[in-house]
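Taking it in order: structure first as structure tokens, then the write-up.
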Amino acid sequence: MRVLFVCTANKLRSPTAEAVFREHPGLEVLSHGTDPDAPTPLTRKLVASADLVIAMETQHCERIRKKYKERPADSRIVTLHISDAPGATANNLKVCRSIVTR
């Protein structure tokens with residue numbers, strides 16, 4: 002199963018989730034950002050090839066659904082509701098790890 006984690010800048014939340022799940026057997030895990038200036042920006046091809054897209058916030062789900070309408074009908078998009086509070090990177094990392102490892 003190919004899982005795609007998505008946040009805004011692909012600097013903390015989605016890379017953390019990717020790192021946590023990278024070693025799970027049977028999963029191919031990627032992380033990308035919705036911001037065009039993200040180190041690894043999200044693309045149409047990535048969304049189309051994912052079996053499951055896991056977004057950090059509702060805004061990411063909405064952006065993906067709006068921008069990539071032609072994604073496969075059987076693909077799923079869910080959100081973890083992990084916000085990106087400026088200046089709280091250490092706490093965000095702990096929260097992200099605890100949520101994605103449940």
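The working numbering numbers the first residue of the sequence shown as 2 and each following residue consecutively.
All residues carry an ideal CB built from backbone N, CA and C; glycine is no exception.
Near residue 11, which residues of its chain fall below 7 Å by C-beta distance, leaving aside the five closest residues on each side in sequence?
Excluding positions up to five away in sequence, the list reads 32, 33, 34, 39, 40 and 41.
Once DSSP output is grouped into helix, strand and coil, what is the label at residue 9?
The three-state secondary structure of residue 9, taken from DSSP, is coil.
Quick one: grab the DSSP three-state call for residue 51.
Annotated three-state conformation of residue 51 is coil, per DSSP.
Assuming residue 83 and residue 14 are in contact, meaning their beta carbons sit under 8 Å apart, how far apart are those beta carbons, in whole angstroms?
Yes, they are in contact, since the Cβ atoms of residue 83 and residue 14 sit about 6 Å apart, within 8 Å.
Is residue 19 buried or exposed, if buried means 16 or more other CB atoms sit within 10 Å of its CB?
By the neighbour-count criterion, in which 16 or more other beta carbons inside 10 Å mark a residue as buried, residue 19 falls on the buried side.
Along the chain, where does the beta strand (DSSP E) containing residue 77 start, and where does it finish?
Counting along the chain, the unbroken beta strand (DSSP E) around residue 77 starts and ends at 77 to 80.
Once you ignore the five residues that flank residue 153 on each side, which residues in its own chain have a CB closer than 7 Å to its CB?
Outside the modelled stretch of the chain, which goes from 2 to 103, sits residue 153, for which no answer is possible.
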